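The structure appears below as structure tokens.
Shown next, in the form of structure tokens:
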């Protein structure tokens, strides 16, 4: 059941990062990488096969979001 809690935290983090426009793109990158590292650490502790896939997808989304924000400014 812990994976559902983690996915919920991930969704909230995505919403916060998306809807806080005053965050600089570098802050978005830093927040994304921190969440990515935390998720990989949890995956290592629990040996869950699904979590690294979610974490890598999240990291790709953060990079895409930051690049999109940079181009808009």
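Residue numbers (the working numbering): 355 to 427. Note that the Cβ used here is the ideal one computed from N, Cα and C, for glycine as well. None of these values were measured; they are calculated from a predicted model.
Distance between beta carbons of residue j and residue i, contact taken as under 8 angstroms
{"i": "residue 413", "j": "residue 386", "result": "6 angstroms"}
Candidates the options, of which the one nearest residue i by Cα
{"i": "residue 383", "options": "408, 420, 395 and 393", "result": "420"}
{"i": "residue 424", "options": "367, 368, 381 and 362", "result": "381"}
{"i": "residue 410", "options": "426, 391 and 367", "result": "391"}
{"i": "residue 367", "options": "416, 396 and 426", "result": "416"}
{"i": "residue 362", "options": "426, 422 and 408", "result": "408"}
Sequence-distant residues of its chain with Cβ nearer than 6 angstroms to residue i (five each side left out)
{"i": "residue 389", "result": "367"}
{"i": "residue 396", "result": "none"}
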